[in-house]
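What follows is a single structure, written as structure tokens, with notes after it.
Numbering (this note's numbering), first residue to last: 370 to 523.
Dropping the structure here:
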């Protein structure tokens, strides 16, 4: 068993614990500010607990089977970096995350070898829509205004 495999899970665990500690230092927001929505400190704590669970699963998998060396793919890697630049440009030009996210997700799937066009397109539409609805209905958090969010929010 190689010890270097556990460097990244250990670093991520320490990071998660620091974020949880810092989140617990935040004061609770008054009821008149947050209303029925979530406290500001609850969301990072929830994410870091989920992160710790996933780190535990990853470490367990590492202990059972040693992962094979992965050959780096230069074209998809550099293309992904350029797509993140495209994401930034789309967000600054359109002013809407929900215009940029589906475009970049679709192109990212195609760059990384998704052969079926409909799968990449479905993923690019359903994932951001699900995230948007989760934040809007469950967490009651509004996204910044943009083209599509202006239509939705009215």
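Each residue gets a CB set at the ideal place from its N, CA and C atoms; glycine is no exception. All figures in this text were calculated on a predicted structure; none of them were measured in a lab.
By the C-beta density criterion, residue 473 is buried, having at least 16 other C-beta atoms within 10 angstroms. Counting only the Cα atoms, residue 451 lies some 18 Å from residue 483.
Counting along the chain, residue 434 sits inside no alpha helix (DSSP H), nor does DSSP assign it H or E at all. Boundaries of the alpha helix (DSSP H) harbouring residue 487: 486-502, taken from the DSSP string. Within the same chain, and ignoring the five residues on either side of residue 492 in sequence, the residues whose Cβ sits closer than 7 Å to its Cβ are 474, 478.
Secondary structure note for residue 452: its alpha helix (DSSP H) is the uninterrupted segment 443-463. Residue 512 carries a coil assignment under DSSP once its states are collapsed to helix, strand and coil. Using a Cβ distance threshold of 8 Å, residue 488 and residue 448 do not count as a contacting pair.
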